[in-house]
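Notes follow the structure.
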């Protein structure tokens, strides 16, 4: 891992290199995804069947393309009662938080008598990608599906890879709780292409959301414009700001909570006490030794982890001074993982410096705004001449005439 001190010569360049380091898809991934997308667009189901056989080692015709309602209901019914209670509590809290995000329509008449406003509508169909590789994430199902349902999406379609044909019942149970309509046994870039263009089995959607590996993220990037997407997210990351009054073991656990996601995840600690930074490093090593995901977490920590020592930290960092973050977790008793599962705000967040211009997943990702205007003869007479002048100035006489003919 990387150790930096803001007092070191060359700190600025070293820190810039740290935050600008690319951990996303390379040119080879981009080329491969383009070929997959093109094949799915031209061959449809045949391409999906070929790719599923190659990458997930099962035949869709034999294992079944869709995981039906009966199987999803059975997965929910057989779920451990305590785990079901936990998922239902998470769903309730996520739903309540996102319900408060729904925007209000506007409709008013201004001083000139022009009626102006906007109305919001949900997209008709949304696609949800749920990874099926390293781990099964029922929380991802909830975080992506529930905002869509709150927005009013009529058709929610989930795609998830099922390696060797095996289905994760926990994911199916979460899909049932969240109200997913369709679940298909396809994954990878080919699943994103199928959602975007449609095939004989899978009808196309309007928006695609959900995390995935580099190929999935690149497919979403390439298909933006054919469909809407939530964001092009990179590997998981966390920044912890902590002084020496904290327990090093707590901070180590926070750093590892994201490092265990993927070998390219990044965990960074800012502290004003070098000795505390070393204590956290030791605690990370101790916890890695007994962590079931220790190999993955160690790879991420060793390659991309960082401890950065700065001269001073405020007793409490004011929230309004945090300018670029998908989500902020305040205080010693608010670990990032509480937001991953149960707090309510969405855990699908911008990474790789994209919080400069992007936000976490919300109800608005599944909605679109339509403005409307209504003029009366008097209000058109009040503002129309200015429109005519502007149209002529832009060299668009037909624009001008469409107003002039009514004046």
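Numbering (the working numbering), first residue to last: 7 to 413.
For every residue, glycine included, the Cβ atom is placed at its ideal position computed from N, Cα and C.
Owing to the predicted nature of the structure, the values given are computational and were not obtained by experimental measurement.
Residue i, DSSP secondary structure in three states
i: residue 186; result: coil
i: residue 107; result: coil
i: residue 99; result: helix
i: residue 162; result: strand
i: residue 277; result: strand
i: residue 376; result: strand
i: residue 432; result: Because the chain is modelled from 7 through 413, residue 432 falls outside the range shown and cannot be assessed.
i: residue 207; result: coil
i: residue 339; result: coil
i: residue 125; result: strand
i: residue 73; result: coil
i: residue 63; result: coil
i: residue 199; result: helix
i: residue 349; result: coil
i: residue 116; result: coil
i: residue 263; result: helix
i: residue 324; result: coil
i: residue 284; result: helix
i: residue 308; result: helix
i: residue 241; result: coil
i: residue 252; result: coil
i: residue 329; result: coil
i: residue 362; result: helix
i: residue 371; result: helix
Range covered by the alpha helix (DSSP H) that runs through residue i
i: residue 37; result: 33 to 49
i: residue 398; result: 383 to 399
i: residue 155; result: 144 to 157
i: residue 222; result: 220 to 229
i: residue 409; result: 403 to 410
i: residue 20; result: 17 to 26
Classification of residue i by the beta-carbon crowding that lies within 10 angstroms, buried from 16 upward
i: residue 74; result: exposed
i: residue 366; result: buried
i: residue 49; result: exposed
i: residue 251; result: exposed
i: residue 130; result: exposed
i: residue 327; result: exposed
i: residue 359; result: exposed
i: residue 267; result: buried
i: residue 376; result: exposed
i: residue 340; result: exposed
i: residue 134; result: buried
i: residue 231; result: exposed
i: residue 118; result: exposed
i: residue 372; result: buried
i: residue 276; result: buried
i: residue 152; result: buried
i: residue 283; result: buried
Whole-angstrom distance between residue j and residue i, CA atom to CA atom
i: residue 369; j: residue 14; result: 44 Å
i: residue 83; j: residue 67; result: 27 Å
i: residue 210; j: residue 104; result: 25 Å
i: residue 149; j: residue 288; result: 34 Å
i: residue 203; j: residue 164; result: 15 Å
i: residue 183; j: residue 92; result: 12 Å
i: residue 46; j: residue 361; result: 32 Å
i: residue 95; j: residue 228; result: 36 Å
i: residue 256; j: residue 297; result: 15 Å
i: residue 263; j: residue 392; result: 59 Å
i: residue 258; j: residue 308; result: 14 Å
i: residue 237; j: residue 409; result: 40 Å
i: residue 69; j: residue 342; result: 38 Å
i: residue 198; j: residue 21; result: 35 Å
i: residue 219; j: residue 35; result: 11 Å
i: residue 52; j: residue 222; result: 19 Å
i: residue 128; j: residue 158; result: 5 Å
i: residue 179; j: residue 79; result: 7 Å
i: residue 5; j: residue 356; result: Nothing about residue 5 can be read from this structure; the chain reaches only from 7 to 413.
i: residue 285; j: residue 247; result: 15 Å
i: residue 124; j: residue 195; result: 36 Å
i: residue 56; j: residue 41; result: 14 Å
i: residue 114; j: residue 405; result: 26 Å
i: residue 206; j: residue 60; result: 20 Å
Strand pairing of residue i, partner residues [DSSP]
i: residue 135; result: 165
i: residue 214; result: 133 and 235
i: residue 247; result: 276
Run of the beta strand (DSSP E) containing residue i, from where it starts to where it stops
i: residue 11; result: 8 to 11
i: residue 313; result: 312 to 315
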